[in-house]
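**Q**
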Amino acid sequence: PRSTLFPYTTLFRSRRHRLRGEVVEHSISQTSYTRNGNGGAVPAMMVRPAAARGALPAVIVIHEAWGPDAHIRDVAGRLASAGYLAFVPDLYAHGGTRPPELAPDRIDAFKRFTDSLPPGDVQARERALADMPGTERERIEESRRAVHAAMESPARFVDDLRGAVAHLRDHPDCNGQIGALGFSMGGRLTGLLACEERDLSAAVVFYGAPPASERAGSVACPMLGIYAGKDTRITSAVPEFAAAMAQAGK
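The sequence shown begins at 12 in this note's numbering and counts up by one.
(1) Roughly how many angstroms lie between the CA atoms of Val215 and Glu149, to the nearest whole one?
(2) Quick check on this structure: which residue in Ile118, Leu200 and Phe217 has the alpha carbon closest to the alpha carbon of Asp80?
(3) Can you tell me the Cα-Cα spacing of Gly65 and His82, whole angstroms?
(4) By Cβ distance, which residues of its chain are closer than 7 Å to Leu155, with the 5 residues on each side in sequence left out?
(5) Less than 8 Å between C-beta atoms, sequence neighbours within five positions excluded: which residues of the same chain meet that for Gly51?
(6) Jot down the residue ranges of each uninterrupted alpha helix (DSSP H) in the segment 149-182, minimum 4 residues, whole runs only, in chain order.
(7) As a quick exercise: from Gln188, Arg209, Gly187 and Tyr218, pick the residue whose alpha carbon is nearest that of Asp198.
(8) Near Phe23, which residues of its chain fall below 8 Å by C-beta distance, leaving aside the five closest residues on each side in sequence?
(9) Report, in whole angstroms, the separation of the C-beta atoms of Val249 and Glu207, which I expect to be a contact under 8 Å.
(10) Where does Cys232 sit, in a helix, a strand or coil, going by DSSP?
(11) Should Ile71 and Ile151 be called a contact, given that it needs their Cβ atoms to be closer than 8 Å?
(12) Using a 10 Å radius around the Cβ and a threshold of 16 neighbouring Cβ atoms, would you call Leu96 buried or exposed?
(13) With respect to the alpha helix (DSSP H) encompassing Met256, which residues constitute its N-terminal and C-terminal limits?
(14) Use the C-beta contact count for Ile237: other C-beta atoms within 10 angstroms, 16 or more gives buried, fewer gives exposed.
(15) Where do the N-terminal and C-terminal ends of the beta strand (DSSP E) with Gly190 fall, by residue?
(16) I need the straight-line Cα distance from Arg13 to Thr243, nearest angstrom please.
(17) What number of angstroms, rounded off, separates the C-alpha of Asp101 from the C-alpha of Ser164?
(18) For Met234, tell me which candidate among His74, Ala191 and Met143 has the shortest Cα-Cα distance.
(19) Please name the residue or residues paired with Pro60 in a DSSP beta bridge.
(20) Among the residues of its own chain, which have a CB less than 7 Å from the CB of Ala61, if the five just before and after it don't count?
(21) Across which residues does DSSP place Ala69 in a beta bridge pair?
(22) In whole angstroms, what separates the C-alpha of Gly32 from that of Ser92?
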């Protein structure tokens, strides 16, 4: 399936970013795309070095549970400074807008709450929620449920990401070389995308759960995984997937 290209009624702006001490100007645009048959447009940010001429290799930057936040936008800027066309879909905004519980301010509040807790301590989370005013507690809980529901149902996200690949494949600013990288939830989606998308040239997984080992044979591009040694909840599944890839000759 091919992507549907929407008219560019978007604002272009310039931003500066430093690479090895040098200031690199960026051109930043907002666009949207859709994958035929999946029922909705996905907004995205596109960042390229302003001085570059012609088509560039593209990298899809896949956000973690917090959406395309300042960290993800910074990664896109660094990629643009290195000479790539960075493409950042907002996977929470399928159809053009986010649901209220996944709105940026709600996600930011949920992230601040999560960052205040010891990792993985459910009892600490419940105590902290109990100490909150009722309305604030319910808003945090709604966002938490929405984020976890999204993480447990990755198929639509993968479909939207395949749409991003098709969109870039048809785009005049892309030279046909398309990679993807993602963090945490986005890392998991990067691995799943690599299992399904024949037009992906490279995939980099930052601390994302690997695909099921039986899918290793379907990975059609070079794949790099970067993990934290103590993050055993994720890393415990990596050796099996790596062995399956080796057995499949990947």
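Ideal Cβ positions, reconstructed from N, Cα and C, are used throughout, including at glycine. Only a predicted model underlies this, so the values are computations on that prediction, with no experimental measurement involved.
**A** In terms of the structure at hand:
(1) 36 Å
(2) Ile118
(3) 27 Å
(4) It is Arg, not Leu, that sits at residue 155 in the sequence shown. The answer, listed in chain order, is Phe121.
(5) Thr45, His105, Gly106 and Gly107
(6) 166-180
(7) Residue identity differs from the one stated: residue 198 is Gly in this sequence, not Asp. Comparing Cα positions, the closest option is Tyr218.
(8) Legend: pLDDT at Phe23 = 34, less than 50; position of this residue unreliable, no value from coordinates given.
(9) The Cβ separation is near 20 Å, so there is no contact.
(10) coil
(11) no
(12) buried
(13) Val249 to Gln258
(14) exposed
(15) Cys185 to Phe194
(16) Interpretation of Arg13 is limited by its pLDDT of 27, a score under 50 that renders its predicted location unreliable; the figure taken from the coordinates is listed afterwards. Computed Cα separation, rounded: 39 Å.
(17) 16 Å
(18) Ala191
(19) His37
(20) Ser25, Glu36, His37 and Ser38
(21) Leu96 and Ile189
(22) Any reading at Gly32 needs caution, since the residue's pLDDT is 48, under 50, leaving its predicted position unreliable; the model's value is listed next. Looking at the two C-alpha atoms, the distance is approximately 11 Å.
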